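Numbering (the working numbering), first residue to last: 310 to 466. Even for Gly, the Cβ is constructed at its ideal location relative to N, Cα and C. Quick caveat, the model's predicted, so the values are computed rather than measured. One structure below.
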Amino acid sequence: MSDKPNVKLPPPIIYAGAFLIGLGIDRLIPWSAFDGPTRWMLAGALALPAVGLALWALLTFRRADTAIEPWEPARNLVTHGPYAYTRNPMYVSLTLMTAGAAIAADLPWALIMVPLAVLVTDRYVIVREERHLTHMFGRPYTDYCRHTRRWWGRKTA
Numbered sequence: 310m311s312d313k314p315n316v317k318l319p320p321p322i323i324y325a326g327a328f329l330i331g332l333g334i335d336r337l338i339p340w341s342a343f344d345g346p347t348r349w350m351l352a353g354a355l356a357l358p359a360v361g362l363a364l365w366a367l368l369t370f371r372r373a374d375t376a377i378e379p380w381e382p383a384r385n386l387v388t389h390g391p392y393a394y395t396r397n398p399m400y401v402s403l404t405l406m407t408a409g410a411a412i413a414a415d416l417p418w419a420l421i422m423v424p425l426a427v428l429v430t431d432r433y434v435i436v437r438e439e440r441h442l443t444h445m446f447g448r449p450y451t452d453y454c455r456h457t458r459r460w461w462g463r464k465t466a
């Protein structure tokens, strides 16, 4: 087992790619679903908390002196701050931001592509990171996984 997570594709690229696929489909099959003030309220309701969550997660990682980049080895196990609620607050944030951007841009096809980004991130990034974290931290990490969901929420006993 390598001391690196072996992540090949940065998650922001995955989400941007999904958004661009949606944009491309929209050029072929135009579809408008979001208009008026509701569009902006919904986009803001997704994107603004996402920005706050991302900043909280990044600051928590910085303070814990561990790598933010998913292809770099973890130096410390972080289980506090937003990581007490989700093992992947940065990816939750990317998901919400991408959905908010799709709504703000009135691109329903891009919104439909968000679950694809989640699936690719889950299968090709998070699984590798979890393998790496298990290798690096062992039982403390597996205990953390038993109590905190991959995407959102604490588990009950």
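Query                                                                                                          : Result
Proximity below 7 angstroms, CB of Leu357 to CB of Ala408                                                      : no
Thr375 in three-state terms, based on DSSP                                                                     : coil
Thr375 versus Ser341 - alpha carbon distance                                                                   : 42 angstroms
Continuous alpha helix (DSSP H) stretch holding Pro321: start and end                                          : Pro320 to Leu337
Stretch-stretch touch, CB-based, cutoff 8 angstroms, three pairs: the stretch 428–438 with the stretch 314–322 : yes
Selection from Glu438, Asp415 and Ile338 that minimises the alpha carbon distance to Thr347                    : Asp415
Pick from Ala373, Pro449 and Trp461 that is closest to Thr404, judged by C-alpha positions                     : Trp461
Cβ-based neighbour list, Ala327, same chain, cut-off 6 angstroms, excluding 5 preceding and 5 following        : Met422, Leu425 and Ala426
Three-state secondary structure (DSSP) of Thr407                                                               : helix
Alpha-carbon spacing of Pro417 relative to Met406, whole angstroms                                             : 14 angstroms
Assumed close pair Arg396, Arg437 - CB separation to whole angstroms, cut-off 8 angstroms                      : About 13 angstroms separates the two Cβ atoms, so there is no contact after all.
Sub-7 angstroms separation of Pro449 and Leu386 beta-carbons                                                   : yes
DSSP state of Thr457 mapped onto helix, strand, coil                                                           : strand
Buried versus exposed call for Pro339 [16 or more other C-beta atoms within 10 Å across all chains shown]      : exposed
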